[in-house]
Amino acid sequence: MGDGKRKSNMPGALTRALLVGMLAIFPAMAIPSTAPETAQSLILLAIFAGGIVFAEYASDYPGLIEFRFAAPFNRTRFALVAVMAILLSLLQRNGVEPGMLGALTASAARLCGQILDFGLSPVSLLTAALPDSVPPEHGILVRDGAALALVLAATTVLGFVTAIRLNAWPMGTGPFNVWINLPTFDPTAGNDVVLRLQRHARINIVLGLVLPFLLPGAILASGILIQPVTLLSPMGFVWGIVLWAYIPACLVMRGVAMARVARMIRASRRRYADSEGSAFAAA
Numbered sequence: 037m038g039d040g041k042r043k044s045n046m047p048g049a050l051t052r053a054l055l056v057g058m059l060a061i062f063p064a065m066a067i068p069s070t071a072p073e074t075a076q077s078l079i080l081l082a083i084f085a086g087g088i089v090f091a092e093y094a095s096d097y098p099g100l101i102e103f104r105f106a107a108p109f110n111r112t113r114f115a116l117v118a119v120m121a122i123l124l125s126l127l128q129r130n131g132v133e134p135g136m137l138g139a140l141t142a143s144a145a146r147l148c149g150q151i152l153d154f155g156l157s158p159v160s161l162l163t164a165a166l167p168d169s170v171p172p173e174h175g176i177l178v179r180d181g182a183a184l185a186l187v188l189a190a191t192t193v194l195g196f197v198t199a200i201r202l203n204a205w206p207m208g209t210g211p212f213n214v215w216i217n218l219p220t221f222d223p224t225a226g227n228d229v230v231l232r233l234q235r236h237a238r239i240n241i242v243l244g245l246v247l248p249f250l251l252p253g254a255i256l257a258s259g260i261l262i263q264p265v266t267l268l269s270p271m272g273f274v275w276g277i278v279l280w281a282y283i284p285a286c287l288v289m290r291g292v293a294m295a296r297v298a299r300m301i302r303a304s305r306r307r308y309a310d311s312e313g314s315a316f317a318a319a
């Protein structure tokens, strides 16, 4: 690729890097009780994450980020983690400095917590996995925050599935390039690419659905093997719950997207076979 195209990638790459960096440090800025040492660590993390995103999007060639040219997949994922982090930060801030936005977030989280606090729900399993030393009021806060994050994740996944059902993803009129959109997936390895995509799709969807139930077990194991996870620190509360809800949602979205790509390839093959058959009959 020429220099002109590389330069054209820079503004978008810089914008994405800045957004990622700002998101990484937002909880520390929003929550007054954040320790200075934690804030400094988050600044370093923001620089590191922003640098990775900038290097990825400034390049003309695929690297690690999937579906770069299949909007709005990555924008949806970023919007999900951003909304989660912002709302959980406001929820945590509301306990220190109450405000209108914090109160609204707390009300919505409390409603979600009451609805999802039943039996073997992922939210109940997460709160039950917290150590006995955690104060009851913090357990309720974790319940409400986890329920709010889970509702956001489920809503985003359902919206993405609906977009696929309506053939609204991937956007664009050009052909879908598997190599640049799935850089970590080798379409030439193994058996038929459609079968491999379908198998990977099923694995990702199943993992995404069961992880919210399995991660509380990891919390219990951490208390036995290393150090119990309490989610008492402000950043631990925000990012712990974000990862708990975000990773499963991303896995389900990735699986659904790969299944969609497999169907697109199969449909393209069918059209090609039909055109070849028509050409042969005409001859």
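The numbering used here applies: residue 37 is where the sequence shown begins, and numbers increase by one. Even glycine gets a Cβ: it sits at the ideal position worked out from N, Cα and C.
Asn130 (DSSP reduced to helix, strand or coil): helix
Supposed close pair Ala165, Pro252 - CB separation, criterion 8 Å: 4 Å
Cβ-based burial, Ile151 [other Cβ within 10 Å; buried from 16]: exposed
Between the CA atoms of Val117 and Leu147 - distance to the nearest angstrom: 21 Å
Proximity to Ala60 [Cα-Cα], best of Asn217, Pro98 and Val278: Val278
Residue range of the alpha helix (DSSP H) that includes Tyr93: Pro72 to Ala94
Ala139 versus Ile122 - alpha carbon distance: 14 Å
Contact check, Val159 vs Ala183, beta carbons under 9 Å: yes
Residues of its chain near Met37, where Cβ-Cβ distance is below 7 Å and the 5 sequence neighbours each way are ignored: Confidence at Met37 is low in this model, with a pLDDT of 38, below 50, so the placement of that residue is unreliable and no value is reported for it.
Length of the line joining the Cα atoms of Phe212 and Thr191: 26 Å
With 16 other Cβ atoms within 10 Å as the buried cut-off, status of Val56: buried
Gly272 (DSSP reduced to helix, strand or coil): helix
At least three beta-carbon pairs within less than 8 Å, the segment 107-117 to the segment 78-87: no
CA-to-CA distance, Arg290 to Lys41, given in whole angstroms: At Lys41 the pLDDT is 42, less than 50, meaning the model places this residue with poor confidence; the figure from the coordinates comes in the next sentence. Using only the alpha carbons, I get a separation of about 28 Å.
From Ala298, Met271, Tyr282 and Arg306, residue whose alpha carbon lies closest to that of Leu129: Residue 129 is actually Arg in this sequence, not Leu. If we check each option's Cα against that of Arg129, Met271 comes out closest.
Reduced DSSP category for Glu173 - H, G, I as helix; E, B as strand; rest coil: helix
Touching by the beta-carbon criterion (3+ pairs, under 8 Å), the segment 226-246 and the segment 291-302: yes
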